[in-house]
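Number of protein chains: 2
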Amino acid sequence: MSARVLIVDDVPANVRLLQALLEAEYFEVHTAMNGPEALDVVQRVRPDIVLLDVMMPGMDGFEVCRRIKANPLTRQLPVILITALDQPEDRNKGFQAGADDYLVKPIDEMTLLTRLRALARFKFLQDELESSIGDELLLETRVDNEDDKPARLAVLLNEENANGQLAQWLREMHEPVMFSDPVQLLEGVRAGEFEGVLLEMPLNRHDTVRICSQIRAMTHGRQIPVMLLVHKADHKELAQALEVCASDYLNCPISRDELAARLRIQLRRWRYIQRLRESLRQSVTFSMIDPLTGLYNRRYLFTHGRAMVEEAAQRGRALSVLVMDLDYFKKVNDTWGHDAGDAVLQETAKRLSKQVRKLDVVCRIGGEEFAVLLSGSDGRMARMVAERLRCAIASKPFKIPTEEGEKDLHITISIGLASFENRNDTLEVLLKRADDALYQAKQQGRNRVIHHDPSLSSEEKAS
Amino acid sequence: MSARVLIVDDVPANVRLLQALLEAEYFEVHTAMNGPEALDVVQRVRPDIVLLDVMMPGMDGFEVCRRIKANPLTRQLPVILITALDQPEDRNKGFQAGADDYLVKPIDEMTLLTRLRALARFKFLQDELESSIGDELLLETRVDNEDDKPARLAVLLNEENANGQLAQWLREMHEPVMFSDPVQLLEGVRAGEFEGVLLEMPLNRHDTVRICSQIRAMTHGRQIPVMLLVHKADHKELAQALEVCASDYLNCPISRDELAARLRIQLRRWRYIQRLRESLRQSVTFSMIDPLTGLYNRRYLFTHGRAMVEEAAQRGRALSVLVMDLDYFKKVNDTWGHDAGDAVLQETAKRLSKQVRKLDVVCRIGGEEFAVLLSGSDGRMARMVAERLRCAIASKPFKIPTEEGEKDLHITISIGLASFENRNDTLEVLLKRADDALYQAKQQGRNRVIHHDPSLSSEEKAS
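Rendered as structure tokens:
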């Protein structure tokens, strides 16, 4: 993995040292010697991560960080503060400025590289989702005031700590659920019950990294925040834990402020990713749905329908297509107005959907025209379904709104039917055949089902 | 990183050996002793990667691989064949069965682990995109016959090979562009001109891994296939190259079939990811657009508009909202029919869009109702824009289709205007105020702009 890293420090020797370290690991390094230059590079180069020295003349690192985090376009850019200041209040100042991490000099190389890789992985996922969402929806996805609300956390501590100060703090900030059995914790995470996990390291009776890796091996656990509470940090073991799975760690003894800050950072990041996903899922759903009737739309018919036809061809499965059109619908609109027309379309959608199975696809193609794809149904079965659909429309009057209150309207539908016949049939061919049959149904007096007869070409039938 | 790996081998000792190796690296391991059991586990556990022994009694590894790849639901699951068979024809048989990689025993541990991690990273990205797309669109995204067409490849070989057998093979299979300068190659990749990159390793005059990492540091280069052509393989160096950046490698001397197969695998995977992205982008776009007019829809107004209001509040920027409604539009539909009505809506959309700046947002809220968000415009400026929009509709007749040919229709629009006034204003509040003003415009005779007067409550004005 490589990534673009911006190093900001006013001491050239420091810059060169970090630059050499990162370039040896094949990161792409950019540098800046002061705050304003850093902000400029952030805009121009769009780095993936910023390593930011705190003590600089003029604009200090806290201020640079604040400005990066105040700009909606760079708010999600990870910033690691690097400093000789190691007092708790300095740390808090850093986190309050919005820093994603805070490393105290002298910096352990392995820790830094592991941090960078973990942040880069997350940044790449974020970039991927953001670029799918595009600029138009992104702005709104970024704004959320719910990001700091209390979270349900799965917590596994050694017995002697399960009721101590830490547990107390967690209860004050969030909604911790204390586990003693990793299996139960994993089940809860798998069921999506938590927004974060806290594990003590080492645990007296379990392998922390193993539990952590089991969370990461779940499809839904891949990005959930997993925080380690570390005693007697063995650097190598910790680096491995971060490489394999952990999102962040806290060294014991833990300060309340740092616990709060690091949890907040992890939760915000996770919630942002979840929001991006949700926004994408919603967009996909909306893009396939006709807003008036809630049926699938034309786009869906042509994407999903094509795949259904290919599947039928490959597996030799039956497939039938109905194309249908409400009879004399223009009259409804002209006589009773648009609202009445819309009510008829909505009721039609309901009745059609009720008569088919879940795996069948009902679409509104446009205006008063509908299509149904019947998966696994040959011509004979499809004919029965079509007849059922025709009856569902014709058998019971439609209620429409008029200026004098509700009114009953008698509505009928004409249906053309075509079935998948040979491996060369495409969706377009099937729809064309069904359309021809629909034309026949209209010609022959409407309110009927016509099954396309493959032995006649459409020219012959139209004559 | 952790992942679910399925090990399939009929020799228990082999299974145990691999299992121990992978579990030490914190992979989640599942096992199967024969083909049918493997296919069952694939369905149940949904592993991220399959390690598959070739020589098994009953169903051999080739057949298991073929079946995994024949099922649309598991086609994208990476399969690594592991075997003692090291003849070129065995390898080809493996690739023809659809294997993603082919490792010959005894297996080098580092190579295997690096492969697994690279495949897992790719699989995770794929899972992420697939889960956003959802089952409905996925099937169709998976089907594509274009995946094996020739690709434009950026190639950098040492001078002595640039005109040799390899270059010849590449020209026969794909569209290689030969570079001698890495800077030019990187520019081409950055510009999105290529679907894959081939680099010789080592290069006489450049650092292959460095070039490779520079590709990966580009946002658009993160997943592009990068293939190494390796002489004198130094295992450690190669492992680092794979860890940092390379997608795959070929050992010299290269066989034509293996070159073709490995390129095909990489290109298919890349094209599939690109298709997933494209499908997501399209969905997002569709989900925000009114299909009749091409304007933004109601959903977009409420997502993006909300973000615009929050931005105005945070930055103290001006923002105005217009809500507008075509006058007597029902008559157009009733008298001239639906097609005429649609033509009027489409022409209205065109005229409105032409009169505003790119950063303003024009939406069709529904029916004949539109809204415009004017970013950075205070009431005075917005009033001028609104007046311009009103004129753009009223000043020139609309052409509508009728049964007797085109006809000119005089159309007007009423507009209500409201501006962002204080930090507590929400989008809903602004729209409500603009709506009240629109009501006044209709009351006062239509074809006019009414600016909501903040000094009057809506009750007073309505009286």
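Taken in order, these protein sequences are the chains called A and B. Letter by letter, the first sequence follows residues 0 to 462 of numbering that gives the first Met the number 0. Letter by letter, the second sequence follows residues 0 to 462 of numbering that gives the first Met the number 0. Here a beta-carbon is modelled for each residue, glycine too, at the ideal position from N, C-alpha and C.
Residues in the same chain with beta-carbon distance under 7 Å from residue i, minus the five sequence neighbours each way, listed in chain order, please.
| i | result |
| --- | --- |
| residue 191/A | 219 |
| residue 364/B | 297, 300 and 370 |
| residue 458/B | Low confidence applies to residue 458/B: its pLDDT is 43, below 50, so where it sits in the model is not reliable, and the reading given next is rough at best. Here the set comprises nothing. |
| residue 344/B | 291, 292 and 367 |
Tell me which residues share the same chain as residue i and place their Cβ nearer than 8 Å to its Cβ, disregarding the 5 neighbours each side in the sequence.
| i | result |
| --- | --- |
| residue 77/A | 47, 48, 49, 99, 100, 118, 121 and 122 |
| residue 474/B | Limits of chain B in this structure are 0 at one end and 462 at the other, which puts residue 474/B out of reach. |
| residue 308/B | 318, 419, 424, 425, 426 and 429 |
| residue 295/A | 287, 288, 289, 303, 360, 361, 362 and 363 |
| residue 85/B | 103 |
| residue 267/A | 146 and 147 |
So is residue i in contact with chain B if we call contact Cβ pairs under 8 Å?
| i | result |
| --- | --- |
| residue 115/A | no |
| residue 132/A | yes |
| residue 64/A | no |
| residue 127/A | yes |
| residue 337/A | yes |
| residue 124/A | yes |
| residue 27/A | yes |
| residue 216/A | yes |
| residue 285/A | yes |
| residue 244/A | yes |
| residue 227/A | no |
| residue 2/A | yes |
| residue 345/A | no |
Look at the alpha carbon of residue i and the alpha carbon of residue j, and state the distance between them as a whole number of angstroms.
| i | j | result |
| --- | --- | --- |
| residue 197/B | residue 12/B | 38 Å |
| residue 320/B | residue 326/A | 42 Å |
| residue 450/A | residue 428/A | 15 Å |
| residue 334/A | residue 333/B | 8 Å |
| residue 107/A | residue 81/A | 11 Å |
| residue 435/A | residue 58/B | 49 Å |
| residue 253/B | residue 54/B | 25 Å |
| residue 395/B | residue 443/B | 22 Å |
| residue 212/B | residue 260/B | 24 Å |
| residue 324/B | residue 263/A | 46 Å |
| residue 88/B | residue 237/B | 25 Å |
| residue 366/B | residue 410/B | 15 Å |
| residue 217/A | residue 179/A | 20 Å |
| residue 466/A | residue 374/B | The structure shown does not extend to residue 466/A, since chain A is modelled only from 0 to 462, so the question has no answer here. |
| residue 337/A | residue 347/A | 15 Å |
| residue 92/B | residue 60/B | 11 Å |
| residue 62/A | residue 70/A | 13 Å |
| residue 250/A | residue 90/A | 13 Å |
| residue 441/B | residue 194/B | 57 Å |
Compare the C-beta of residue i with all C-beta atoms of chain A and state if any pair is closer than 8 Å.
| i | result |
| --- | --- |
| residue 207/B | no |
| residue 441/B | no |
| residue 75/B | no |
| residue 192/B | no |
| residue 464/B | The shown model of chain B, from 0 to 462, leaves out residue 464/B, and the question about it has no answer. |
| residue 329/B | yes |
| residue 323/B | no |
| residue 136/B | yes |
| residue 31/B | no |
| residue 183/B | no |
| residue 267/B | no |
| residue 352/B | no |
| residue 221/B | yes |
| residue 333/B | yes |
Can you list, in chain order, the residues of its chain with a C-beta nearer than 6 Å to that of residue i? Leave out the 5 residues immediately preceding and following it.
| i | result |
| --- | --- |
| residue 156/B | 199 |
| residue 175/A | 152, 154 and 169 |
| residue 185/A | 213 |
Please give me, in chain order, every unbroken run of the alpha helix (DSSP H) with length at least 4 that falls completely inside the region 342-414 of chain A. Taking 4 residues as the shortest admissible run, the region 342-414 of chain A contains the following complete alpha helix (DSSP H) segments, listed from N- to C-terminal end: 378-393.
Closer than 7 Å, Cβ to Cβ, to anything on chain B: give me those residues from the region 355-370 of chain A, in chain order. Those residues of the region 355-370 of chain A that come within reach of chain B (Cβ to Cβ, closer than 7 Å) do not exist; the list is empty.
What are the residues in the region 301-317 of chain A lying within 7 Å of chain B by C-beta distance? From the region 301-317 of chain A, only 302, 303, 305, 306 and 309 have a Cβ closer than 7 Å to chain B.
For the region 271-298 of chain A, which residues have a beta carbon sitting closer than 7 Å to at least one beta carbon of chain B? Answer in chain order: 276, 279, 280, 282, 283, 285, 286, 287 and 298.
Just list the alpha helix (DSSP H) runs in the region 50-115 of chain B, keeping only unbroken ones of 4 residues or longer that don't cross its boundaries, in chain order. Counting only runs of 4 or more, we get 60-69 and 87-95.
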